[in-house]
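Numbering (full-length UniProt numbering), first residue to last: 1 to 82. Below is one structure, written out as C-alpha coordinates, with a few remarks after it.
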(Lines of atoms letter the chains of each structure in order from A and count residues from 1; the text may use other names and numbers.)
(Lines give C-alpha, C1' and ligand atoms only; values in the text may rest on other atoms or scores of the structure.)
Protein backbone atom coordinates (compact mmCIF):
# COMPACT_ATOMS: atom_id res chain seq x y z
CA UNK A 1 0.00 0.00 0.00
CA UNK A 2 1.29 3.43 -0.91
CA UNK A 3 0.92 6.40 1.42
CA UNK A 4 0.72 9.87 -0.04
CA UNK A 5 1.32 13.19 1.66
CA UNK A 6 -0.66 15.80 -0.24
CA UNK A 7 0.61 19.36 -0.34
CA UNK A 8 -2.75 20.90 0.45
CA UNK A 9 -6.14 19.57 1.54
CA UNK A 10 -9.49 21.35 1.35
CA UNK A 11 -12.24 19.93 3.57
CA UNK A 12 -15.84 20.90 2.85
CA UNK A 13 -18.56 20.50 5.49
CA UNK A 14 -21.85 20.36 3.66
CA UNK A 15 -24.05 20.08 6.76
CA UNK A 16 -23.80 21.90 10.09
CA UNK A 17 -23.59 18.62 12.00
CA UNK A 18 -20.28 17.80 10.32
CA UNK A 19 -18.28 20.58 11.98
CA UNK A 20 -17.17 18.44 14.96
CA UNK A 21 -15.61 15.85 12.66
CA UNK A 22 -13.96 18.63 10.64
CA UNK A 23 -12.51 20.13 13.84
CA UNK A 24 -11.04 16.77 14.78
CA UNK A 25 -9.52 16.27 11.34
CA UNK A 26 -8.10 19.81 11.41
CA UNK A 27 -6.22 18.91 14.59
CA UNK A 28 -4.40 16.01 12.97
CA UNK A 29 -4.14 17.00 9.29
CA UNK A 30 -2.88 20.12 7.51
CA UNK A 31 -6.23 21.13 6.04
CA UNK A 32 -8.21 24.22 5.20
CA UNK A 33 -11.84 23.78 6.23
CA UNK A 34 -14.75 25.34 4.38
CA UNK A 35 -18.28 25.51 5.80
CA UNK A 36 -21.61 27.04 4.93
CA UNK A 37 -23.17 29.95 6.76
CA UNK A 38 -21.57 30.92 10.08
CA UNK A 39 -21.30 27.40 11.50
CA UNK A 40 -17.68 27.78 12.58
CA UNK A 41 -15.75 31.02 12.81
CA UNK A 42 -12.31 29.40 12.40
CA UNK A 43 -13.25 27.90 9.03
CA UNK A 44 -13.49 29.51 5.60
CA UNK A 45 -16.93 30.43 4.20
CA UNK A 46 -18.29 28.91 1.00
CA UNK A 47 -17.76 32.04 -1.11
CA UNK A 48 -20.19 32.04 -4.01
CA UNK A 49 -21.90 28.91 -2.69
CA UNK A 50 -20.78 25.28 -2.54
CA UNK A 51 -20.44 24.75 -6.30
CA UNK A 52 -18.29 27.84 -6.84
CA UNK A 53 -16.15 27.08 -3.78
CA UNK A 54 -15.55 23.50 -4.90
CA UNK A 55 -14.67 24.68 -8.38
CA UNK A 56 -12.18 27.21 -7.01
CA UNK A 57 -10.66 24.68 -4.60
CA UNK A 58 -10.23 22.11 -7.39
CA UNK A 59 -7.51 24.25 -8.93
CA UNK A 60 -5.98 25.45 -5.62
CA UNK A 61 -5.70 22.24 -3.54
CA UNK A 62 -4.18 18.83 -4.24
CA UNK A 63 -6.95 16.98 -2.33
CA UNK A 64 -10.65 17.77 -1.82
CA UNK A 65 -12.59 16.08 0.99
CA UNK A 66 -16.35 16.42 1.39
CA UNK A 67 -18.25 15.55 4.56
CA UNK A 68 -21.99 15.18 4.29
CA UNK A 69 -23.04 12.87 7.10
CA UNK A 70 -25.06 14.46 9.88
CA UNK A 71 -24.98 11.59 12.32
CA UNK A 72 -23.04 10.56 15.38
CA UNK A 73 -19.37 10.16 14.51
CA UNK A 74 -17.11 7.65 16.15
CA UNK A 75 -13.40 8.24 15.57
CA UNK A 76 -11.42 4.99 15.41
CA UNK A 77 -8.92 4.66 18.26
CA UNK A 78 -5.98 4.29 15.88
CA UNK A 79 -6.87 7.61 14.19
CA UNK A 80 -7.28 9.49 17.45
CA UNK A 81 -3.69 8.64 18.41
CA UNK A 82 -2.03 9.23 15.03
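Ideal placement from N, C-alpha and C gives every residue a C-beta, glycine not left out.
Beta-bridge partners of residue 9 (DSSP): 31, 63. Cα atoms of residue 58 and residue 51: separation of roughly 11 Å, rounded to the nearest angstrom. Of the other Cβ atoms in all chains shown, 16 or more fall within 10 Å of the Cβ of residue 53; this residue is therefore buried. When the beta-carbon positions are compared, residue 9 and residue 28 stay at least 8 Å from each other.
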